[in-house]
Ligand code: SF4
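Protein chains in written order, with this note's numbering: chain A, 9 to 109; chain B, -1 to 372.
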């Protein structure tokens, strides 16, 4: 229950000041955005939803920075990955439940 | 889904895994606690331990809201639910949680009206639709969830829906972390900090952990790459001799949190002098109760509740699991007497509970293999 899910704002509902229509993985729901009243939300913004409320607005810049870091690591460790791919590490020796996972 | 799928990329996970391994000092053992049950879930669901070198151990913390509800509070809620004029509402995770006299499910079978809701707003809607009944919302959760309860109470107040009340069991994370830091049985090297709690409280409240206890803490997101990156950030701090609060999850967590949410909570609730946590005992200033001003929406004031303290069953070792002292499968009843269908302790109930995560994703067999071949 503590998990939050990201959703994209499709429409700010003008007749209900604190509601927005949000697309969550193809499902559309009215989400309470009262906790983000200072955020100036608009369609296209992404928010984190928890038990029917938007808890925070997802920061696209920060998301981009995080991805760049991960891509960067990918670059620097290409060799390592290549080596790992070559290696014969496999599932043998693990428990059964792991092998079928 | 955006902001989810890209954080599950296996190639990047392997790259991070290599970087993590390169930062580990040979021969040194590292123990990190993931405070939040959501992290425990991700770790087992995605088998993240397979991406970590043997000398890193992840221990599970107390951050599963369902797991920390003591038996007595479940009994109190059932006592309220059994009144014929009451409709009790609760998150699905609560339904199986055992109290001293059974769970919500058991009491439904005996005729109590208990409905599962996704949001406290759903409970308010039920109250609106049933003006002749008293609708009670069993509120559980850390600071992540408390603002939603508070906003719902404010809404009830504004709409003058007087048959809606909250049985408030919201808890706060900082005192629990402090209790763990002060407990002598556990030596930790750092914390994977709770991501969604931090969207509300921000990163500031963790400063004492870095300053006074000299342990690094990295606020982390919930996807596999988020957690691996946080471990990498923790190791880097250790390698550089730093202990700081860092934010891996900046795309969602603003450093200062959500002041609007804190205001709402503060308006409706206040800290209780103390509160009992399952397995951890009484912790002072660790939970929220309703303010006097909202007495008409406070189930504790409206109803007579027994408030009896019920000791955990003897076989149950949830306390040790919640403190990270025991691995779930080390509990004597794990997987035998205690399963998700017939839970003895709470950690087996919620998908965020460490025991349920182990059980559902079959992780314990790997641990057994490791033990056997040691
Ligand atoms: S196996 Fe059951 S009783 Fe034992 S710690 Fe886990 S939830 Fe508690």
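Glycine is no exception: its CB is placed at the ideal position from the N, C-alpha and C atoms.
C-beta neighbour in chain A for residue i, strict 8 Å
i: residue 343 of chain B; result: no
i: residue 116 of chain B; result: yes
i: residue 103 of chain B; result: no
i: residue 10 of chain B; result: yes
i: residue 256 of chain B; result: yes
i: residue 198 of chain B; result: yes
i: residue 4 of chain B; result: yes
i: residue 283 of chain B; result: no
i: residue 36 of chain B; result: yes
i: residue 154 of chain B; result: no
i: residue 320 of chain B; result: no
i: residue 0 of chain B; result: yes
i: residue 194 of chain B; result: yes
i: residue 21 of chain B; result: no
i: residue 355 of chain B; result: no
i: residue 119 of chain B; result: yes
i: residue 293 of chain B; result: no
Residue i beta carbon near the ligand SF4 (any heavy atom closer than 7 Å)
i: residue 376 of chain B; result: Missing from the structure shown is residue 376 of chain B; chain B here goes from -1 to 372 and no further.
i: residue 319 of chain B; result: yes
i: residue 27 of chain B; result: no
i: residue 342 of chain B; result: yes
i: residue 353 of chain B; result: yes
i: residue 336 of chain B; result: yes
i: residue 309 of chain B; result: no
i: residue 63 of chain B; result: no
i: residue 313 of chain B; result: yes
i: residue 326 of chain B; result: yes
i: residue 346 of chain B; result: yes
i: residue 316 of chain B; result: yes
Test: residue i CB closer than 8 Å to a CB of chain B
i: residue 58 of chain A; result: yes
i: residue 88 of chain A; result: In this prediction, residue 88 of chain A scores a pLDDT of 48, lower than 50, which makes its location untrustworthy; no coordinate-derived value is stated.
i: residue 43 of chain A; result: yes
i: residue 119 of chain A; result: What the structure shows of chain A is the stretch from 9 to 109, and residue 119 of chain A is not part of that stretch, so it cannot be assessed.
Check whether residue i and residue j have beta carbons under 8 Å apart
i: residue 200 of chain B; j: residue 155 of chain B; result: no
i: residue 273 of chain B; j: residue 285 of chain B; result: yes
i: residue 217 of chain B; j: residue 144 of chain B; result: no
i: residue 28 of chain A; j: residue 49 of chain A; result: yes
i: residue 52 of chain A; j: residue 32 of chain A; result: no
i: residue 335 of chain B; j: residue 313 of chain B; result: yes
i: residue 40 of chain A; j: residue 119 of chain B; result: yes
i: residue 347 of chain B; j: residue 94 of chain B; result: yes
i: residue 356 of chain B; j: residue 311 of chain B; result: no
i: residue 140 of chain B; j: residue 164 of chain B; result: no
i: residue 62 of chain A; j: residue 44 of chain A; result: yes
i: residue 226 of chain B; j: residue 7 of chain B; result: no
i: residue 268 of chain B; j: residue 299 of chain B; result: no
i: residue 276 of chain B; j: residue 316 of chain B; result: yes
i: residue 243 of chain B; j: residue 204 of chain B; result: yes
i: residue 187 of chain B; j: residue 89 of chain B; result: no
i: residue 76 of chain B; j: residue 303 of chain B; result: no
i: residue 121 of chain B; j: residue 103 of chain B; result: no
i: residue 4 of chain B; j: residue 75 of chain A; result: yes
i: residue 71 of chain B; j: residue 167 of chain B; result: yes
i: residue 58 of chain A; j: residue 142 of chain B; result: yes
Heavy atom of the ligand ZN within 7 Å of residue i beta-carbon
i: residue 64 of chain B; result: Of the ligands one can find in the structure shown, namely the ligand SF4, none is the ligand ZN.
Problem set entry | At least 3 beta-carbon pairs within less than 8 Å: the region 156 to 165 of chain B vs the region 207 to 227 of chain B | no
Problem set entry | Residues of the region 239 to 253 of chain B with Cβ closer than 8 Å to any Cβ of chain A, in chain order | 246, 248, 249, 250, 251 and 252
Problem set entry | Near-chain B residues of the region 51 to 77 of chain A - C-beta to any C-beta below 9 Å | 54, 56, 58, 59, 60, 61, 63, 64, 65, 66, 67, 68, 69, 70, 71, 72, 73, 74, 75 and 77
For this session: Assess, as a yes-or-no matter, whether the region 81 to 93 of chain B is touched by the region 113 to 130 of chain B under the definition of 3 or more beta carbon pairs within less than 8 Å.
Result: yes
Problem set entry | Inter-stretch contact at 8 Å, needing at least 3 Cβ pairs: the region 293 to 311 of chain B / the region 35 to 47 of chain B | Touching, no.
Problem set entry | Segment contact flag, the region 316 to 333 of chain B with the region 50 to 68 of chain B, C-beta cutoff 8 Å, min 3 pairs | yes
Exercise. Is the region 31 to 38 of chain B touching the region 108 to 119 of chain B in the sense that three or more CB pairs, one from each, lie closer than 8 Å?
Worked result: When C-beta atoms of the region 108 to 119 of chain B are compared with those of the region 31 to 38 of chain B, fewer than three pairs fall below 8 Å, so the two segments do not count as touching.
Problem set entry | Cβ pair count under 8 Å reaching 3, the region 53 to 71 of chain A against the region 242 to 251 of chain B | yes
Exercise. Using 8 Å as the Cβ pair cut-off and three pairs as the minimum, do the region 146 to 153 of chain B and the region 90 to 103 of chain B touch?
Worked result: no
Problem set entry | the region 232 to 246 of chain B contacting the region 18 to 27 of chain B, beta-carbon criterion three pairs below 8 Å | yes
For this session: Identify each residue in the region 134 to 146 of chain B for which the Cβ-Cβ distance to at least one residue of chain A is less than 9 Å, and report them in chain order.
Result: 138, 139, 140, 142, 143, 145 and 146
Problem set entry | Proximal residues, the region 208 to 237 of chain B versus chain A, C-beta separation under 9 Å | 219, 220, 223, 224, 227 and 230
Exercise. Using a Cβ cut-off of 7 Å, which residues of the region 303 to 328 of chain B contact any Cβ in chain A, in chain order?
Worked result: none
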